Amino acid sequence: MAQVKMTVNGKTASGEVEGRTLLAQFLRDDQGLTGTHVGCDTSQCGACVVHVNGEAVKSCTMLAVEANGATVDTIEGQANADGSLNVIQQAFQDHHGLQCGFCTPGMVMSASALLKENPKPTEAEVRHYLDGNICRCTGYHNIVKAIMAASGQDVSAIAAE
Amino acid sequence: MPKDGGIGASSKRREDVRFLTGNGNYTDDINKRGQAHVFFLRSDVAHGVLKSVDTAAAAAMDGVVQIFTGADFEAIGGMPCGWQVTDKNGEVMQEPKHPVLAHGKVRHVGEPIAAVVADTLAQARDAAEAIVVEIDDLPAVINMKNAVKEGATKVHDDLTSNLCYDWALGAENKDAVDAAFKNAAHVTTLELVNNRLVANPMEPRVALGDYNRSDDQHTLYTTSQNPHVIRLLMGAFVLGIPEHKLRVVAPDVGGGFGTKIFHYQEEAFCTFAAKACNRPVKWTSSRSEAFISDAHGRDHVSKIELALDADNNFTALRTDTYANMGAYLSTFAPSVPTWLHGILMAGNYKTPVIYVNVKAVFTNTVPVDAYRGAGRPEATYQLERLVDKAAHELKVDPIALRRQNFITEFPYATPVAVEYDTGDYVATMDKLEEISDLAGFAARRKASEAKGKLRGFGVNCYIEACGIAPSNLVGQLGARAGLYESATVRVNATGGLVVMTGSHSHGQGHETSFAQVVAEMIGIDENMIEIVHGDTSKVPMGMGTYGSRSIAVGGSAMVRATEKIIAKAKKIASHLLEASESDIELKDGAFSVAGTDKSVAWGDVTLAAYVPHNYPLEDIEPGLEETAFYDPSNFTYPSGAYACEVELDPETGQVTIERFSAADDFGNIINPMIVTGQVHGGLAQGIGQALLENCVYDDEGQLLSASYMDYAMPRASDLPMYDVDHSCQTPCTHNPLGVKGCGEAGAIGSPPSVVNAVLDAMRSGGHDIGHIDMPVSPSRVWAAMQKS
Numbered sequence: 049m050a051q052v053k054m055t056v057n058g059k060t061a062s063g064e065v066e067g068r069t070l071l072a073q074f075l076r077d078d079q080g081l082t083g084t085h086v087g088c089d090t091s092q093c094g095a096c097v098v099h100v101n102g103e104a105v106k107s108c109t110m111l112a113v114e115a116n117g118a119t120v121d122t123i124e125g126q127a128n129a130d131g132s133l134n135v136i137q138q139a140f141q142d143h144h145g146l147q148c149g150f151c152t153p154g155m156v157m158s159a160s161a162l163l164k165e166n167p168k169p170t171e172a173e174v175r176h177y178l179d180g181n182i183c184r185c186t187g188y189h190n191i192v193k194a195i196m197a198a199s200g201q202d203v204s205a206i207a208a209e
Numbered sequence: 101m102p103k104d105g106g107i108g109a110s111s112k113r114r115e116d117v118r119f120l121t122g123n124g125n126y127t128d129d130i131n132k133r134g135q136a137h138v139f140f141l142r143s144d145v146a147h148g149v150l151k152s153v154d155t156a157a158a159a160a161m162d163g164v165v166q167i168f169t170g171a172d173f174e175a176i177g178g179m180p181c182g183w184q185v186t187d188k189n190g191e192v193m194q195e196p197k198h199p200v201l202a203h204g205k206v207r208h209v210g211e212p213i214a215a216v217v218a219d220t221l222a223q224a225r226d227a228a229e230a231i232v233v234e235i236d237d238l239p240a241v242i243n244m245k246n247a248v249k250e251g252a253t254k255v256h257d258d259l260t261s262n263l264c265y266d267w268a269l270g271a272e273n274k275d276a277v278d279a280a281f282k283n284a285a286h287v288t289t290l291e292l293v294n295n296r297l298v299a300n301p302m303e304p305r306v307a308l309g310d311y312n313r314s315d316d317q318h319t320l321y322t323t324s325q326n327p328h329v330i331r332l333l334m335g336a337f338v339l340g341i342p343e344h345k346l347r348v349v350a351p352d353v354g355g356g357f358g359t360k361i362f363h364y365q366e367e368a369f370c371t372f373a374a375k376a377c378n379r380p381v382k383w384t385s386s387r388s389e390a391f392i393s394d395a396h397g398r399d400h401v402s403k404i405e406l407a408l409d410a411d412n413n414f415t416a417l418r419t420d421t422y423a424n425m426g427a428y429l430s431t432f433a434p435s436v437p438t439w440l441h442g443i444l445m446a447g448n449y450k451t452p453v454i455y456v457n458v459k460a461v462f463t464n465t466v467p468v469d470a471y472r473g474a475g476r477p478e479a480t481y482q483l484e485r486l487v488d489k490a491a492h493e494l495k496v497d498p499i500a501l502r503r504q505n506f507i508t509e510f511p512y513a514t515p516v517a518v519e520y521d522t523g524d525y526v527a528t529m530d531k532l533e534e535i536s537d538l539a540g541f542a543a544r545r546k547a548s549e550a551k552g553k554l555r556g557f558g559v560n561c562y563i564e565a566c567g568i569a570p571s572n573l574v575g576q577l578g579a580r581a582g583l584y585e586s587a588t589v590r591v592n593a594t595g596g597l598v599v600m601t602g603s604h605s606h607g608q609g610h611e612t613s614f615a616q617v618v619a620e621m622i623g624i625d626e627n628m629i630e631i632v633h634g635d636t637s638k639v640p641m642g643m644g645t646y647g648s649r650s651i652a653v654g655g656s657a658m659v660r661a662t663e664k665i666i667a668k669a670k671k672i673a674s675h676l677l678e679a680s681e682s683d684i685e686l687k688d689g690a691f692s693v694a695g696t697d698k699s700v701a702w703g704d705v706t707l708a709a710y711v712p713h714n715y716p717l718e719d720i721e722p723g724l725e726e727t728a729f730y731d732p733s734n735f736t737y738p739s740g741a742y743a744c745e746v747e748l749d750p751e752t753g754q755v756t757i758e759r760f761s762a763a764d765d766f767g768n769i770i771n772p773m774i775v776t777g778q779v780h781g782g783l784a785q786g787i788g789q790a791l792l793e794n795c796v797y798d799d800e801g802q803l804l805s806a807s808y809m810d811y812a813m814p815r816a817s818d819l820p821m822y823d824v825d826h827s828c829q830t831p832c833t834h835n836p837l838g839v840k841g842c843g844e845a846g847a848i849g850s851p852p853s854v855v856n857a858v859l860d861a862m863r864s865g866g867h868d869i870g871h872i873d874m875p876v877s878p879s880r881v882w883a884a885m886q887k888s
């Protein structure tokens, strides 16, 4: 067992983990942050995306001990300080960018990383960036539209959601 | 102007806030004090005699609580099948035993052999590796046509063969069908495969069993589309627990698409083991496990023939289908290729006589059951590929041939046992031609060709039977369940109300759209209404969500219960207003006396119901709570026309979807935003089937496409923006909302137009290959173009 300590959503999070404990397991099982989801075991689906030191990371593919000392941000820390939805979250609701909600935390975290890197992505750039995030419900139309809307672009020309 | 609330408004989804902030409550998010974890040791061979399972070494390992094998379940019922099909000779289907844990034989890769319960999942998994399983391999039965040959190895030794049933629809027309083919001016024949798929909801299945010794109550938390059905099937047929001692909870569920309808061994195991181990027992499927334990979908091999007269009118249709059941009968498997498939073979066309034959076959593969559309996509694919092929053989326009044969008068009784109540297939085709900009296609094709690409345009129509289903009818057809829905409306003293619905939402947004309906009926704000679902201890009864039935059946039950509420509230209002009940009108949340300015607010009436000081106690009881069960009198028949436009790179065979247009008729619509989203998702799954997804077994029964590394899930860059229109609306005539349902249309309607478009593109490059099977992968397209 190893001791880990990291900053999760601005608060100190520590615990004792096995060497094989994944960051996703640490967040979900030890910290009770169940917004981070696990949808596959081959690092493909992206439901588990969190930010580690500001970078989008698949938390099912990183050991908790590797995140020792890091700053981790999860879906639970994304809303505005007053509890209202942030710009990306609000765009997902406004444009019906989610249905069952299971892939949504990973989608929002990936979208946030994308917009940091590329503040005005084209449709093709959004689709390419989401290659590591699978959604089975929406057919992506409204997710892509929501992310473009969140970037401040006019999406009124894209077919209605 | 769009409405900002009630029926017809694109109300934002209330459930989104919890999902977007990480506050969803999915089954795997639930943990119980003292819970143990189970890991299932699964068969890695497709077929064999299970000689021994030695758990001694594993049982001694750290953290192991108990290990179970098939022997522990010998005295316990097996997994039940919910539908008994009667074959064309009047014989009931062959129905094999389906054990919770394998016993005697293993019959597919992934079948659970042993269950290790331990303090942690890691310990359970470690211990499972120490179990020694001895299996004498048997030849795997994989190919359906070989499986039914004389002398084939049997999947189930106690059955007479691998044939589950040989079913027919339209047997009374068979002679007329054969005569029509003899007299036909033209016959088009097509052999095709409807590829096996894995549903792949993003949330893997989870089961958490809990048992309370103080009151002998079992609780199962599970990823289900129909918790009451699980309670009945598991309680009555597997574990012998009466319903009043068993609670089943399906909280937020991360997608279903059919595969979470069925009752699975893991649910029964966790419920059983929680009592046996005296600890809550939790199972969380990995994705790898999901591929070999979730029921698969589709997997039909068909031959279909169309007879036409000299004027290109359809005169008869004949089909011959082999449907894969897998190794065991999953809960509703027998119904899918029969009553959810055969009855759709008329499609949108007035073909006078139809004969459908389906042979269901056992193989050493994962059980196959309903997947989004369930039987109806298989019917649509056959028919719409066939009509397209006929058009090209006859050198007529595929749209014109369809239009010529459309059913145009309703109600229309098909020769395959159903009666369409409403529809307007001309209107949806007109709309499709408009939104797909068919007129501009020639120019777009030229532009593609200038880049060295081929471009194709493909259409199809579809009809589906959903809003499942009249109980007396399905009972005659073999269902071992009724298919009504129930709702209870509980109004609180201060006017807010709770709807407890037997429908289950796992992405469909019922919490929003159901509230819109009740808000409209009473005239109160949607936020005064809470929708509760997914818990047998809260909702009186429910048959669940599948077959696009939630709004058509569950919504209708809710309307009926709300009507009862309004009727009683009017009695109370008439007392408070000292007016005749017949003069009371309800509008915008207030009861008024017609022709006067006397009125009383909704909240005053609800308060009077619970504080009945000034109240007609001699006539009515206090309180305001009503329940209704709604049993539909017919299926509903959504329909539409879809167009796909593809670009094909002749150098590589790569196909890209350039445009996809869908014109649907769903009858009345509650929330257009949600409806459009449902179509988008269905289209992605249909396009996924047509272009990408394929569940492949090798000859030894090993699943070759067993992870997201090998099974091509559609990604964002594989799919286009969609043009979706549902302005053509012919309301359903037999339910109170006039709704038809929209959940499956996209998946039913899209595969044929994709394949038709690819073939059109290939033809434009001089490659008239007639047919290509799904998925239309680059290698298949490229290979076909080299040969032709």
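Protein sequences appear in the order of chains Z and B. Taking the working numbering as reference, the numbering of the first sequence is continuous, increasing by one, and the terminal residue is 209. Taking the working numbering as reference, the numbering of the second sequence is continuous, increasing by one, and the terminal residue is 888. Glycine included, every Cβ here is placed at the ideal spot set by N, Cα and C. Being a predicted model, the structure only gives us computed values, none of them experimental.
Going straight from the alpha carbon of M628 of chain B to that of Q616 of chain B, what length do you get?
-> Your numbering for residue 628 of chain B matches position 528 in the second sequence. Your numbering for residue 616 of chain B matches position 516 in the second sequence. C-alpha separation (whole angstroms): 10 Å.
Taking 8 Å as the CB-CB limit, is H780 of chain B close to chain Z?
-> In the second sequence, residue 780 of chain B corresponds to position 680, counting from 1. Yes, because at least one Cβ of chain Z sits closer than 8 Å to the Cβ of H780 of chain B.
Would you list the residues sitting across from L483 of chain B in a DSSP beta bridge?
-> Here residue 483 of chain B corresponds to residue number 383 of the second sequence, with the count starting at 1. Answer is none; L483 of chain B lacks a bridge partner.
Which two residues bound the contiguous beta strand (DSSP E) that contains C561 of chain B?
-> As a first step, residue 561 of chain B must be located in the second sequence, where it is residue number 461. Where C561 of chain B is concerned, the enclosing beta strand (DSSP E) stretches over L554 to I563.
Quick one: is N378 of chain B buried, meaning 16 or more other Cβ sit within 10 Å of its Cβ, or exposed?
-> Locating residue 378 of chain B in the second sequence gives position 278, where the first residue counts as 1. Classification for N378 of chain B: exposed.
Hey, V854 of chain B and G558 of chain B: beta-carbon distance below 8 Å or not?
-> Here the question's residue 854 of chain B lines up with position 754 in the second sequence. Here the question's residue 558 of chain B lines up with position 458 in the second sequence. In this structure, G558 of chain B lies closer than 8 Å to V854 of chain B by Cβ.
Sequence-distant residues of the same chain with beta carbon closer than 7 Å to G870 of chain B, five excluded per side | In the second sequence, the residue the question calls residue 870 of chain B occupies position 770. Around G870 of chain B: K489.
On the three-pair Cβ rule with 8 Å, is the region 592-609 of chain B touching the region 321-332 of chain B?
-> yes
Counting Cβ pairs closer than 8 Å, one from the region 495-508 of chain B and one from the region 698-709 of chain B, do we hit at least three?
-> no
Mark T594 of chain B as exposed unless 16 or more other C-beta atoms lie within 10 angstroms of its C-beta, in which case mark it buried.
-> Along the second sequence, one-based indexing puts residue 594 of chain B at 494. Exposed, because fewer than 16 other Cβ atoms sit within 10 Å of the Cβ of T594 of chain B.
Entirely within the region 333-401 of chain B and at least 3 residues each: give me those beta strand (DSSP E) ranges in chain order.
-> 346-349 and 381-384
Give the straight-line distance between the Cα atoms of V174 of chain Z and K197 of chain B, rounded to the nearest whole angstrom.
-> Residue 174 of chain Z sits at position 126 when you count from the first residue of the first sequence. Residue 197 of chain B sits at position 97 when you count from the first residue of the second sequence. In a straight line, the C-alpha of V174 of chain Z is about 50 Å away from that of K197 of chain B.
Using the beta-carbon count (16 or more within 10 Å), is N835 of chain B buried or exposed?
-> As a position in the second sequence, residue 835 of chain B is number 735, starting the count at 1. Flag for N835 of chain B reads buried.
State the Cα-Cα distance for the pair I769 of chain B and D154 of chain B, rounded to the nearest angstrom.
-> For the purposes of this step, residue 769 of chain B is taken as the residue at position 669 of the second sequence. For the purposes of this step, residue 154 of chain B is taken as the residue at position 54 of the second sequence. Rounded to whole angstroms, I769 of chain B to D154 of chain B spans 58 Å at the Cα level.
Quick one: does G187 of chain Z have its CB under 8 Å from some CB of chain B?
-> In the first sequence, the residue the question calls residue 187 of chain Z occupies position 139. True, the Cβ-Cβ gap to chain B drops below 8 Å.
In chain Z, which residues lie with their C-beta within 8 Å of the C-beta of Y126 of chain B?
-> To locate residue 126 of chain B, count along the second sequence from 1; it is residue 26. Under the 8 Å cutoff, chain Z gives T82, H85 and F150.
Reduced DSSP secondary structure (H/G/I, E/B, other) of L180 of chain Z = Locating residue 180 of chain Z in the first sequence gives position 132, where the first residue counts as 1. Position check: residue 180 of chain Z holds Gly in this sequence, whereas Leu was assumed. DSSP places G180 of chain Z in helix when its eight states are reduced to three.
Interface residues of chain B facing L75 of chain Z [CB-CB closer than 9 Å] = Locating residue 75 of chain Z in the first sequence gives position 27, where the first residue counts as 1. Near L75 of chain Z there are no residues of chain B at all, since even the closest Cβ is about 10 Å away, more than 9 Å.
What are the boundary residues of the beta strand (DSSP E) that H286 of chain B is part of?
-> The residue you call residue 286 of chain B lines up with position 186 of the second sequence. Where H286 of chain B is concerned, the enclosing beta strand (DSSP E) stretches over H286 to N294.
Nearest-angstrom Cα distance between R313 of chain B and A479 of chain B?
-> Here residue 313 of chain B refers to the residue found at position 213 of the second sequence. Here residue 479 of chain B refers to the residue found at position 379 of the second sequence. About 50 Å.
Can you tell me which of the three DSSP states G689 of chain B falls into?
-> Locating residue 689 of chain B in the second sequence gives position 589, where the first residue counts as 1. In the structure shown, G689 of chain B sits in coil (DSSP, three-state: anything other than H, G, I, E or B).
Can you list, in chain order, the residues of the region 111-144 of chain Z whose Cβ is nearer than 8 Å to any Cβ on chain B?
-> T122, I123, E124, Q126, A127, L133, Q137, F140, Q141, D142 and H144
R133 of chain B, buried or exposed, once every other Cβ within 10 Å from all chains shown has been counted against 16 = Counted from its first residue, the second sequence places residue 133 of chain B at position 33. R133 of chain B should be labelled exposed.
What is the residue span of the beta strand (DSSP E) that N424 of chain B lies within?
-> To locate residue 424 of chain B, count along the second sequence from 1; it is residue 324. Its beta strand (DSSP E) spans residues F414 to G426.
Could one say the Cβ of A95 of chain Z lies closer than 8 Å to chain B's Cβ atoms, at least one of them?
-> By one-based count along the first sequence, residue 95 of chain Z stands at place 47. So yes, A95 of chain Z belongs to the interface.
Is the number of C-beta pairs between the region 630-641 of chain B and the region 804-817 of chain B that are closer than 8 Å three or more?
-> no
If we ignore side chains and look at the alpha-carbon of each, how far apart do D219 of chain B and H137 of chain B end up?
-> Taking the second sequence and counting its residues from 1, one reaches residue 219 of chain B at position 119. Taking the second sequence and counting its residues from 1, one reaches residue 137 of chain B at position 37. Distance between the alpha carbons of D219 of chain B and H137 of chain B: 6 Å.
Residues sharing a beta bridge with A883 of chain B, DSSP | Reading the second sequence from its first residue, position 783 is the one you call residue 883 of chain B. Answer by DSSP bridge pairing: none, since A883 of chain B is not bridged.
Under 7 Å from the C-beta of S386 of chain B: neighbouring residues of chain Z = Within the second sequence, residue 386 of chain B is the residue found at index 286, counting from 1. The answer, in chain order, is D89.
Return the CA-CA distance between K245 of chain B and E171 of chain Z, expressed in angstroms with no decimal places.
-> On the second sequence, position 145 is the one that residue 245 of chain B refers to. On the first sequence, position 123 is the one that residue 171 of chain Z refers to. Taking the straight line joining both Cα atoms gives about 46 Å.
Can you give me the start and stop residues for the beta strand (DSSP E) that T55 of chain Z sits inside?
-> The residue given as residue 55 of chain Z occupies position 7 in the first sequence. Start and end: A50 to V56.
Which residues in the same chain as E66 of chain Z place their Cβ atom closer than 7 Å to its Cβ, once the five residues preceding and following it in sequence are excluded?
-> By 1-based counting over the first sequence, the position of residue 66 of chain Z is 18. Excluding sequence neighbours, E66 of chain Z sits near M49.
Taking 8 Å as the CB-CB limit, is A207 of chain Z close to chain B?
-> Taking the first sequence and counting its residues from 1, one reaches residue 207 of chain Z at position 159. Chain B, which has a Cβ nearer than 8 Å to the Cβ of A207 of chain Z, makes this yes.
Would you check if the distance between the CB atom of A280 of chain B and the CB atom of V453 of chain B is smaller than 8 Å?
-> Position 180 of the second sequence, counted from the first residue, corresponds to residue 280 of chain B. Position 353 of the second sequence, counted from the first residue, corresponds to residue 453 of chain B. Cβ distance < 8 Å, so A280 of chain B and V453 of chain B count as in contact.
Nearest chain Z C-beta to A78 of chain B closer than 8 Å, yes or no?
-> Outside the displayed span of chain B (101 to 888) sits residue 78 of chain B, for which this structure offers no information.
Three-state secondary structure (DSSP) of P437 of chain B | Within the second sequence, the letter at position 337 stands for residue 437 of chain B. If DSSP states are grouped into helix, strand and coil, P437 of chain B belongs with coil.
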